[in-house]
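Note sheet for the following structure.
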Amino acid sequence: MKKTVAAFREAKLDKKKIAMLTAYDYSTARLVDSCDIDGILVGDSLGMVCLGYKDTLSVTMEDMIHHTRAASRGTKNALLVGDMPFMSYHASVYDAVKNAGRMVQEGHAEAVKLEGGVSVTRQVRAIVKAQIPVMGHIGLTPQSVNIFGGFKVQGRQLEAAKKLIDDAKRLEEAGVFAIVLECIPEALSGKITEAVSVPTIGIGAGSGCDGQILVYHDMLGMFSDFRPKFVKIFANAGEIIEQGIRKYADEVRNGRFPGPEHSFLIDSEIIDNLY
Ligand code: KIV
């Protein structure tokens with residue numbers, strides 16, 4: 027059944043946990059979509075796991091549209107959320123609406139996600155007014171890595187914890203349909219989840235959230251540059267892929283691949299008469 031933003035709201039009311047994953051291309055989105063996942067996020071994390079940048083700051087609108095459009099072709103049932111990259115909504119409300127519109131029209135996203143709390147509520151309101159559903163994202167917002175001084179747990183001090191609760195409430199007022207909570211202590215995520223009527227989707231935010239999201243490459247052991255504490259490897263596909271590639275190279279070098287079953291036939295008379 028097709029998941030919509032309404033399904034996300036109902037899940038919170040029905041106390042049903044929401045399962046989301048990232049995907050950045052057609053084949054992966056198709057696989058994820060076939061596994062009863064509620065939402066697919068084409069995250070700007072693609073900058074790190076697909077493009078090899080050290081953070082997400084170099085990701086452009088063109089990158090996001092390219093990957094979101096590919097993922098959209100493989101997504102039938104999950105809600106497809108496209109991430110707004112760094113500087114696509116920071117400079118003005120006009121930029122925010124224009125770029126969110128591009129994510130929908132050119133990327134075929136069904137909703138967009140942007141990072142920040144109180145500081146982005148004007149942008150959120152305007153995008154929602156343009157009829158585009160918005161997912162909020164607070165806590166460790168990777169686009170603010172240079173302000174945070176690294177990828178660190180957020181909200182551990184009283185004022186910071188109060189600010190996160192306020193951010194979540196203000197995002198709700200501005201019209202978001204869900205809020206990602208990233209790298210926030212579990213007890214604080216529980217308080218935020220109670221404080222808002224929209225679902226919270228945790229990543230490194232403990233079990234009290236209304237749903238969870240992980241980066242596809244992380245949960246399948248396919249990205250080893252950096253492994254945050256909150257990542258659980260559910261299947262070590264990275265190891266299986268490595269074994270497969272080594273076996274392929276070995277068989278090519280030993281002449282075992284391709285075998286007759288992978289080759290095409292031609293009448294030997296034709297070959298004999300070639301010269
Ligand atoms: O870019 C991303 O993948 C994200 C998730 C980690 C929430 O923002």
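Under my numbering, the residue at position 184 of the sequence shown is numbered 210, and the numbers go up by one with no gaps. Ideal Cβ placement from N, Cα and C applies to all residues, glycine included. As the structure is a prediction and not an experimental result, all values here were calculated from the model.
**OP:** Give the straight-line distance between the Cα atoms of Asn-103 and Asp-298, rounded to the nearest whole angstrom.
**Re:** The straight-line gap from Cα to Cα measures roughly 55 Å.
Subject >> Through-space distance from Phe-252 to Asp-236, alpha-carbon basis >> reply: 26 Å
Original post:
Is there at least one non-hydrogen atom of the ligand KIV closer than 7 Å to the beta-carbon of Ile-71?
Top reply: The sequence shown places Ser at residue 71, rather than the Ile named in the question. Yes, the Cβ of Ser-71 comes within 7 Å of a heavy atom of the ligand KIV.
Original post:
To which residues does DSSP link Val-138 through a beta bridge?
Top reply: Paired residues: Gly-108 and Val-160.
Original post:
Just checking, does the region 38-48 make contact with the region 228-243 on the three C-beta pairs under 8 Å criterion?
Top reply: They touch, by the three-pair rule.
Original post:
Any chance the CB of Leu-67 is under 7 Å from a heavy atom of the ligand KIV?
Top reply: yes
Original post:
Would a C-beta distance cut-off of 8 Å place Ala-55 and Gly-108 closer than the cut-off?
Top reply: no
**OP:** Identify which residue in Cys-209, Lys-178, Val-179 and Ser-215 has its Cα closest to the Cα of Lys-195.
**Re:** The residue with the shortest Cα to Cα distance from Lys-195 is Ser-215.
Original post:
At which residues does the beta strand (DSSP E) containing Ala-45 begin and terminate?
Top reply: 44-48
Subject >> CA-to-CA distance, Ile-164 to Met-87, given in whole angstroms >> reply: If I take the Cα positions, the gap works out to 21 Å.
Original post:
Would you report the Cα separation of Lys-189 and Gly-181, rounded to the nearest angstrom?
Top reply: 8 Å
Subject >> Those runs of the alpha helix (DSSP H) which lie wholly inside the region 49-130 and span at least 4 residues >> reply: 52-59, 72-75 and 87-99
Original post:
Just reading off the alpha helix (DSSP H) that Ile-12 is part of, what are its end residues?
Top reply: Past the edges of the chain, shown from 27 to 301, lies residue 12, and the structure says nothing about it.
Subject >> heavy atom of the ligand KIV below 7 Å from Val-241 C-beta >> reply: yes
**OP:** Closer than 7 Å by C-beta to Lys-28: which residues in its own chain qualify, once you throw out the five before and the five after it? Chain order, please.
**Re:** Asn-103
Original post:
Of the residues Phe-174, Val-179, Gly-162 and Asn-125, which one's Cα is nearest the Cα of Ala-156?
Top reply: Asn-125
Original post:
Run through DSSP, which three-state label would Thr-167 get?
Top reply: coil
Original post:
From Val-144 to Val-150, what does the alpha carbon distance come to, in whole angstroms?
Top reply: 10 Å
Original post:
Tell me the DSSP bridge mates of Gln-238?
Top reply: Ala-45 and Gly-228
**OP:** Please state whether DSSP places Arg-154 in a helix, a strand or coil.
**Re:** It should be noted that the sequence gives Val, not Arg, for residue 154. Looking at Val-154 - three-state DSSP - the assignment turns out to be helix.
Original post:
In the DSSP assignment, what are the bridge partners of Val-222?
Top reply: Paired residue(s): none; Val-222 is not in a bridge.
Original post:
By Cβ distance, which residues of its chain are closer than 8 Å to Gly-37, with the 5 residues on each side in sequence left out?
Top reply: Reading the sequence as shown, one finds Ala at residue 37 and not Gly. Hits under 8 Å: Lys-43, Ile-44, Asp-64, Pro-225, Asp-236 and Gly-237.
**OP:** Could you tell me whether the Cβ atoms of Thr-82 and Val-68 are closer together than 8 Å?
**Re:** No, Cβ-Cβ distance for Thr-82 and Val-68 is not below 8 Å.
Subject >> contact_flag[the region 169-180, the region 204-213] where n(CB pairs < 8 Å) is 3 or more >> reply: yes
**OP:** With DSSP as the reference, label Leu-300 as helix, strand or coil.
**Re:** coil
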